[in-house]
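Here the structure is laid out as structure tokens; the discussion comes afterwards.
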Amino acid sequence: MPESGAAMPDPHAYQRPPGMVADVRRPGAEDEICQLYQLLREAKSELQMVSAEMVAAQELERKRIATELHDSIGSSLGSIGFGMGAALARAKLAKDPELTGLLDLISVQIKSALTEVRRISQGLRPASLDDLGLISTLSWLVREFRAVHPSITLVADIALTESEIQPALRTPMFRIVQEALNNAVKYAKAAKIGISLGRSEYEICLEIYDDGVGFDPQEIERRESISGIGLRGMADRITISGGDFRLSSSPGNGTRVLACWPVASCAADEPGSSHHHVAGRNSAA
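Quick look at the structure:
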């Protein structure tokens, strides 16, 4: 029997399922909400860690394939080309114009294949990124871009030294520039593209902008799985590496991608180093 004055439980009354957030007016509800919020933060942190591991694994596989292409297939093509050169020299000495022409054509094709293998290898994972660092690799990327797209003006202002860039940021920065340049050519139809990398007192920022056709970011995000622009992947790379992703674009007004990382996430200060953006200090323009 219930105590005098105690309400009888209604068997038809709504019962809150286990785990459902309680009414904040109930005693202890705020603590429950805080605990759930903490669980959400932990889940988000774990998801970010898994994403980081996936990106790292992808880069490792890219590096392995690039090395295999360069060291195995590239070396084999180089050896074949060397042998073809010797055969071509003999054909010329034998004064056999038909054989000389055939061997010369094959030699040109081998050189073209070797160049393509090296290009693919570099595109997968430039060895200079690990051997020389980001600045040298960006300079190489700028030169390659200008050679392939001579009709597009590419201006690069790199106002940092390699020692100011944390090694962990080299890959995400390079991939962001690579993806942004690809988008500017493939989708934006840009005539001019700019790359800026500099540092202020509080953060290090990478900016890529173009004068292309622009777009509605929200519309692109809704159909990104079809468009292939990869804005989400770009944003994830920046977030995973501890940075902040900002995008501004509108139809007819070009596109601006900005990635910033707090100075605390960057390389430790070196004696006498300046934290301020100095235009042209290491310009690749």
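Each number in this note's numbering comes from the position in the sequence shown (counting from 1) with 490 added on.
By construction, the Cβ of each residue, glycine as well, lies at the ideal position given by its N, Cα and C atoms.
Every value quoted in this text rests on a predicted model; they were computed, and no experiment measured them.
For the ligand SAH, is there a heavy atom less than 7 Å away from the beta-carbon of Tyr692?
As presented, the structure is devoid of all ligands, the ligand SAH included, so that no description of it is given.
Element boundaries [beta strand (DSSP E), containing Arg689]
Lys682 to Arg689
Where Thr590 falls: helix, strand or coil (DSSP):
helix
Could you tell me which of Leu671, Leu650 and Tyr677 sits nearest to Gly688, measuring between CA atoms?
Leu650
Distance check for Leu583 and Ile728, CA to CA, integer angstroms please.
Roughly 60 Å separates the two Cα atoms.
Just how far apart, CA to CA, sit Met574 and Leu604?
13 Å
Is the Cβ of Trp751 closer than 8 Å to any Cβ of chain C?
In the structure shown, chain C cannot be found, because there is only a single protein chain.
For Thr745: DSSP bridge partner residues
Asp700 and Ser739
Would you mind stating whether Gly684 and Thr745 have Cβ atoms separated by less than 8 Å?
Contact: no.
If we call anything under 8 Å between Cβ atoms a contact, is Leu671 one with Glu652?
no
Nearest-angstrom beta carbon gap, Leu696 and Ile730 [assumed within contact, 8 Å]
15 Å between Cβ atoms; not a contact.
Using 10 angstroms around the beta-carbon of Asp586, count the other beta-carbons present and answer buried if the total reaches 16, otherwise exposed.
exposed
Can you have a look at Asp521 and say buried or exposed, based on whether 16 or more other CB atoms are within 10 angstroms of its CB?
exposed
Outcome for Val511 when other beta-carbon atoms lying within 10 angstroms are tallied against a minimum of 16:
Note that Val511 scores a pLDDT of 48, beneath 50, so its modelled location is shaky; the value from the coordinates is reported in the next line. Counting Cβ neighbours within 10 Å, Val511 comes out exposed, since fewer than 16 surround it.
Nearest-angstrom Cα separation, counted from Thr661 out to Leu550:
Straight-line spacing of the CA atoms in Leu550 and Thr661 works out to 11 Å.
Going straight from the alpha carbon of Ile563 to that of Lys601, what length do you get?
The straight-line gap from Cα to Cα measures roughly 13 Å.
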